[in-house]
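Peer 1: What follows is a single structure, and I will ask about it in a moment.
Residue numbers (the numbering used here): 196 to 416.
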C-alpha cells in the first residue's frame, strides 16, 4: 500500500493526479487544500508520500511552510514539491533542501510523473525540469493550437470540468444538460485534441494551459 497526501490550493490539478495515481496502484489518496489541514494529516497519517504545491497553499509564507511540513513528516514520508510556470524555477531550488525527495513540473507527461515517483520511492532524489531538452517545433505548436481552436465554448466547459475531476453525472448537473449530451461533448473533445482518454485530455489541458481564461475568471455560458 502506497498512501499519498496531495496538498494543492488549486484543485485544477489535484483530481487529475489522484486519478492517475489510483490507476497505477497507489492508495489511499487524500487531497487537501489548506496548509493547516495538510500539516495535521501528515502528522496523523504518516503517509508514504506527500505531493505538495507549497506556494499555492501558503502564498508568501511558502518557504516557511515547506520547512514546517518537512519537520512534521516522518522519516519514511517522501516529500515531493509540485509546481509549474515561473514558480517552478524557484521551487527547483528546493531540490537540495534536506527532506525534499523530488521537485516535479506539473506539465510533465503522465508517464514521466509515474516514472519519477517510482524513482523517489526507490530512494532517489528526482528533479523533473521545466525546460524540455528539445523544444517543440513550430509545426508541432501550430498543429496543437489548430486542434485546440476547434473546441466549441461548451466543449471547453466540459474540458474544464474534466480537469476538475468531475464525472459525467456531475458535469450533467453543472451544465444542466443530458448525460448523452455530455458524452457527445466529451467524445468531441477527445477527438479534437487527439486524446485517447479523459485523463489524457485533462493532462493536455493542464500542460498546455488551454484553460487559462476559464480558470482566471468565470466560465462561458
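Glycine included, C-beta positions come from ideal geometry on N, C-alpha and C.
Which first and last residues belong to the alpha helix (DSSP H) in which residue 265 is found?
Peer 2: Working through the chain shown from its first residue, we reach residue 265 at position 70. Residues 257-267.
Peer 1: When DSSP labels each residue in this structure, what does residue 314 get in the three-state scheme?
Peer 2: As a first step, residue 314 is located in the chain shown; it is residue number 119 there, counting from the start. Residue 314 falls in the helix class under three-state DSSP.
Peer 1: What separation, rounded to the nearest whole angstrom, lies between the Cα atoms of residue 379 and residue 339?
Peer 2: Residue mapping note: residue 379 aligns to position 184 of the chain shown, counting from 1. Residue mapping note: residue 339 aligns to position 144 of the chain shown, counting from 1. Per the coordinates, the alpha-carbon of residue 379 lies some 21 Å from the alpha-carbon of residue 339.
Peer 1: Just the Cα atoms here: how many angstroms apart are residue 396 and residue 255?
Peer 2: On the chain shown, position 201 is the one that residue 396 refers to. On the chain shown, position 60 is the one that residue 255 refers to. In a straight line, the C-alpha of residue 396 is about 32 Å away from that of residue 255.
Peer 1: Could you pull the DSSP bridge partners for residue 346 from this structure?
Peer 2: The sequence position of residue 346 within the chain shown is 151, counting from 1. For residue 346, which the question treats as bridged, DSSP gives no partner whatsoever.
Peer 1: Please tell me whether residue 215 and residue 201 are closer than 8 Å, where the distance is taken between their beta carbons.
Peer 2: Here residue 215 corresponds to residue number 20 of the chain shown, with the count starting at 1. Here residue 201 corresponds to residue number 6 of the chain shown, with the count starting at 1. The answer is no: Cβ separation not under 8 Å.
Peer 1: Evaluate residue 253 with the Cβ neighbour count: other Cβ atoms within 10 Å of its Cβ, from every protein chain shown; 16 or more gives buried, anything less gives exposed.
Peer 2: Position 58 of the chain shown, counted from the first residue, corresponds to residue 253. The residue is buried, with at least 16 neighbouring Cβ atoms inside 10 Å.
Peer 1: At what residues does the beta strand (DSSP E) containing residue 273 begin and finish?
Peer 2: Here the question's residue 273 lines up with position 78 in the chain shown. Start and end: 273-278.
Peer 1: Which residues bound the alpha helix (DSSP H) around residue 200?
Peer 2: One-based indexing of the chain shown puts residue 200 at position 5. Looking at the DSSP string, residue 200 is not in any alpha helix (DSSP H); the run it does join, the beta strand (DSSP E), is 199-203.
Peer 1: At the level of alpha carbons, what is the spacing between residue 346 and residue 271?
Peer 2: Indexing the chain shown from 1 puts residue 346 at position 151. Indexing the chain shown from 1 puts residue 271 at position 76. One C-alpha to the other measures close to 45 Å.
Peer 1: From residue 320 to residue 370, what does the alpha carbon distance come to, in whole angstroms?
Peer 2: For the purposes of this step, residue 320 is identified with residue 125 of the chain shown, where counting begins at 1. For the purposes of this step, residue 370 is identified with residue 175 of the chain shown, where counting begins at 1. If I take the Cα positions, the gap works out to 43 Å.
Peer 1: Go ahead and pull the three-state DSSP assignment for residue 247.
Peer 2: Looking up residue 247 in the chain shown gives position 52. It is a strand residue.
Peer 1: Using a Cβ-Cβ cutoff of less than 7 Å, which residues in the same chain neighbour residue 230 once the five nearest sequence positions on both sides are dropped?
Peer 2: The residue you call residue 230 lines up with position 35 of the chain shown. Closer than 7 Å at the Cβ level, and outside the excluded window around residue 230, lie 252, 253, 260.
Peer 1: How big is the Cα-Cα spacing for residue 401 and residue 375?
Peer 2: Within the chain shown, numbered from 1, the residue matching residue 401 stands at position 206. Within the chain shown, numbered from 1, the residue matching residue 375 stands at position 180. Each residue's alpha carbon lies about 26 Å from the other.
Peer 1: Output yes or no for whether 8 Å exceeds the beta carbon distance between residue 367 and residue 373.
Peer 2: Translated into positions along the chain shown, residue 367 becomes position 172. Translated into positions along the chain shown, residue 373 becomes position 178. In contact: residue 367 and residue 373 (Cβ atoms closer than 8 Å).
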